[in-house]
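S.K.:
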Amino acid sequence: MAVEAFSSIAPLVLFAVVSTVSPGGATTLATASGSQFGFRRSIPLMVGIAVGLASLAAGAAAGLAGLLMAAPGLLLGMKAAGSAYLLWLAWKVARSGPPKLNAAATVPTTLLGGACLLWLNPKGWAMALGAAASFAMLASGPLQLAALLGATFGLAALASLSLWCAAGIVLARLLKTPRQWRVLNAVLGVLLAVSIVPMWQP
């Protein structure tokens, strides 16, 4: 029985894992946070992103994404706000130095900041809407589908972000000089800024 239940949701799990582990704004930010602040201090950011994605997927299952896609003005405002927020985060990452030098001057992105990264991303809403449409047959109604998608995407995001954060910690152990840190932070900042591009593609 348990095997049959898992086999029925396996495509959804695979979709969620691939969607969350692939490089993007959230994974880049998790890597940067891991290299700067370590795993423990990056937990609020990762939980925030996971909660944001889970609530976004649940909202899409409940029909909210369709409403957003039908309101061009609101969609444009979300794109602008999301792009501005990501650019600000990219600037912060690019200008940060070695962790010990900036420990008193910088703080990790908060849980709310991580959630906003997802809530202000129309591409995320479109992805969640696609998942809700593709896997609607797995649930008997909108509320059950919302719970299923929310839990699946939230857990997949936590696992994927933990891996990217750990990668950042490994990078931090390999970097020995301030110049190496400046290069890493500049690269991560640029990658975070570039992650805005898909948001504006039709």
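Residue numbers for the sequence shown, in the numbering used here: -7 to 194. Heads up, the beta-carbon is just placed ideally off N, CA and C, and yes, glycines get one too.
(1) Looking at glycine 69 and serine 187, is the spacing between their C-beta atoms short of 8 Å?
(2) Count the other CB atoms within 10 Å of the CB of leucine 81; is the residue buried (16 or more) or exposed (fewer)?
(3) Which of helix, strand or coil does DSSP assign to threonine 12?
(4) Closest by CA to leucine 112, which one among Thr20, Thr102, Leu135, Ala73?
(5) Since tryptophan 117 contacts leucine 21 with CB under 8 Å, what's their CB separation in whole angstroms?
(6) Within the region 122 to 151, note down every full alpha helix (DSSP H) run reaching 4 residues or more, in order along the chain.
(7) For isoleucine 1 versus leucine 130, is the C-beta spacing smaller than 8 Å?
(8) Hey, alanine 8 and phenylalanine 145: beta-carbon distance below 8 Å or not?
(9) Along the alpha helix (DSSP H) that carries asparagine 113, what are the first and last residues, could you check?
(10) Any chance you could list the alpha helix (DSSP H) runs of at least 4 consecutive residues sitting entirely within the region 28 to 61, in chain order?
(11) Could you spell out the range, first to last residue, of the alpha helix (DSSP H) harbouring proline 170?
(12) Given a cut-off of 8 Å on the beta-carbon distance, is the pair leucine 150 and serine 27 in contact?
(13) Can you give me the Cβ contacts of alanine 86 inside the same chain, cut-off strictly under 6 Å, excluding the 5 residues immediately before and after it?
M.R.: This is what the structure holds:
(1) Not in contact: serine 187 and glycine 69 (Cβ atoms no closer than 8 Å).
(2) Buried, by the Cβ-count rule.
(3) Threonine 12: helix per DSSP, three-state reduction.
(4) Checked all of Thr20, Thr102, Leu135, Ala73; the closest Cα to leucine 112 is Ala73.
(5) About 19 Å separates the two Cβ atoms, so there is no contact after all.
(6) Qualifying alpha helix (DSSP H) stretches: none in this window.
(7) Yes; because the gap between Cβ atoms is below 8 Å, this pair is in contact.
(8) The criterion of a C-beta distance shorter than 8 Å is satisfied by alanine 8 and phenylalanine 145.
(9) For asparagine 113, no alpha helix (DSSP H) encloses it, and the DSSP letter there is neither H nor E.
(10) Taken in chain order, the complete alpha helix (DSSP H) segments of 4 or more residues contained in the region 28 to 61 are 56 to 61.
(11) First-last of the alpha helix (DSSP H) with proline 170: 170 to 186.
(12) The answer is no: Cβ separation not under 8 Å.
(13) Taken in chain order, the residues that qualify are Asn177, Ala178, Gly181.
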